[in-house]
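If you use the working numbering, the first sequence corresponds to residues 45 to 529, in order.
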Amino acid sequence: MALKISNTLSGRKEDFVTIEPGIVTMYVCGVTVYASSHIGHAMSALTFDVIRRYFEYRGYTVRHVVNFTDIDDKIIKRANDEKVDWKSITERYIKEYLDWMDALNVKRATVYPRATEEVDGIIAAIQTLVERGNAYPATNGDVYFRALSQPNYGALKHQSPDELNAGARIDIDEAKENPLDFALWKAAKPGEPSWTSPWGEGRPGWHIECSVMAMRYLGPQIDVHGGGADLIFPHHENEIAQSENLTGERPFVRYWAHNGLLQAKLVDPDTGKASVEKMSKSLGNTLSVGKLLEMGDPDMLRMFVLGSHYRNPLTYTDESFDVAFKSLERIKSVFSPRENWGDPSSNTGKAEATAALEQATGAARTGFEAAMDDDFNTPAAIARLFDLVREINKGRDTGASGAALYAARETLAELGGVLGLRMKELPVSSGSQDVEPFVKLLVDLRKELKTAKQYQLADRVREGLKDLGVKLEDRPDGTTWKFEK
RNA sequence: GGCGACGUAGCCAAGUGGUAAGGCAGAGGUCUGCAAAACCUCCAUCCAGCGGUUCGAAUCCGCUCGUCGCCUCCA
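As structure tokens, this is what we get:
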């Protein structure tokens, strides 16, 4: 069965065929490093992490490029506010971003290029465009690209230049020939960090960096280009215009993949009215990745994100993670060392139960692949994982062989791993580790009470701990406990 | 204002022409000292509303209502 992927450019699902057999070139827009990333940024990273992992599961080698925009107005402002060098700002947030992505189990990209380390290439590209007459230095020192020099301008957004112009609300920049033109090079104001160029001191515009880096690290044409849906216009539209103008090759990108945006509740401080809007630093309805990591198992966010299709918008609520945590726990409990999963090398077991489990294991893989082949349908893929969890638990209870149980659990771990879920690491609830010895003491004490059939007292211990947020479970081979709100 | 996306059970969410996956919550049952977990059963005659096409539509078309996004930095 063929892998299908939706393409923003064509507006439909297409068969996935790479330029070079066996290799996927993928460019994903990273973040502008002027502040801490929020879980909306993480959502995008997680989305493309899963897409990448599935390509690899399907046998592709993936060349994965994620850029850092490390120079722009906000970075300069931040540096001025803190009275530090702009570079110390970007270094701080790049390191933080990478640390956080590691914690979220996002695979490292092949390359993380930075705009300021690609300035020579950017200037060369702009020069080519200017020489060709498709870009022009303006009176204010900026260099602009003539958007309409590309005949297909607007194709990604599915709007004609006329429609794009008609919709424009912004004041027309005097220096531009046409309001759709966009900056390739921005002239430096006094005191701003700058690089020397044929058009004077300045810095690269935002759009050109991605074109130049994508071409440098992946070639004139690439397979997949990803990013948040908010980047479709103008950022990605402009990338297409520049890149195709530079290389003369079309299409610049075979498959444009955009993830839906994370939304969050926002309460108006004046009216007290709540609304749901895109999670955004400027709106102030964000949850930073750092905060999330303090909340417990980082896989929670992944589970939450993967629970809806990547193209659809997703709304974050306070309860989101409770549900995600519970479902995560349901899956991961299959790897609990406290359950009796039998001897992996034992083929003895009830034939019927063993056969049913083996059948279910195969069906889970088939169903998982079919779901993922269909434009990375992770909600459907996860549903197949839940089916397998049920069959594994059933197999354990009905006497399937140790070997079949082991194989089924390994399959679950492998498929979960394709989604980036750390299946064999038990879910970590939030809660203080300091209380562990005290809880252990109480659990041991309660065991003695149970042995002595002092059930009333044993139950008092359990109830008391529950009120304190510690939940006890008596399993066949002992008592487990965990934090629970 | 222009363009686009979406609207499925109490909640989250798959399903793009053949008669509604999965998770959470809820109800009943098995097991257990009890509870929890696990397992079994139940839980949308119906997919925002109204028309239309079709033997047949949640799925296609039109209109209405609602939500969100982009058009400005943005994952």
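Glycine included, C-beta positions come from ideal geometry on N, C-alpha and C.
query	result
Asn209 and Ser193 closer than 7 Å at C-beta	no
Beta-carbon gap between Pro181 and Trp243 smaller than 7 Å	yes
Counterpart residues of Gly460 in DSSP-defined beta bridges	DSSP lists no partner for Gly460.
Three-state class that DSSP yields for Arg158 in the structure shown	strand
Buried versus exposed, by CB contacts within 10 Å (16 or more), Arg97	buried
Residue from Ser81, Thr154 and Asp114 with nearest C-alpha to Thr105	Thr154
C-beta contact flag for Asn303 and Ser88 at 7 Å	yes
Sequence-distant residues of the same chain with beta carbon closer than 8 Å to Arg440, five excluded per side	Glu383, Asn384, Trp385, Gly386 and Leu449
Cβ-Cβ distance between Val109 and Tyr299 below 7 Å	no
Neighbourhood of Lys57 by C-beta, 6 Å cutoff - its chain only, sequence neighbours within 5 removed	Lys48, Ser50 and Asp419
Local conformation of Phe420 per DSSP, three classes	coil
Burial state of Val61, where buried means 16 or more other Cβ atoms lie within 10 Å	exposed
Three CB pairs or more closer than 8 Å across the segment 346-358 and the segment 76-94	yes
C-alpha gap between Val128 and Val268, whole angstroms	37 Å
Cβ-heavy atom distance, Pro481 to the ligand NAD, below 6 Å	With respect to small molecules bound, the structure shown includes none, and the ligand NAD cannot be examined in it.
Cβ shell of Thr442 (< 7 Å), same chain only, five flanking positions each side left out	Lys394 and Ala397
Bridge partner(s) assigned by DSSP for Asp6	Shown here, the chain extends from 45 to 529; a query on residue 6 therefore has no answer.
Per-residue DSSP class, three states only, for Pro520	coil
Start-end ranges of the beta strand (DSSP E) lying completely within the segment 118-191, minimum 3 residues	179-181 and 187-189
Per-residue burial, Val11 [other beta carbons within 10 Å of its own, 16 or more giving buried]	This structure cannot speak to residue 11, because the chain is shown only from 45 to 529.
Residues sharing a beta bridge with Arg107, DSSP	Thr69
Sequence-distant residues of its chain with Cβ nearer than 7 Å to Ser364 (five each side left out)	Phe348
CB contact flag (Asp116, Thr76, <7 Å)	yes
Stretch pair the segment 365-374 + the segment 490-510: three plus CB contacts closer than 8 Å	no
Terminal residues of the alpha helix (DSSP H) in which Tyr499 lies	Tyr499 to Asp511
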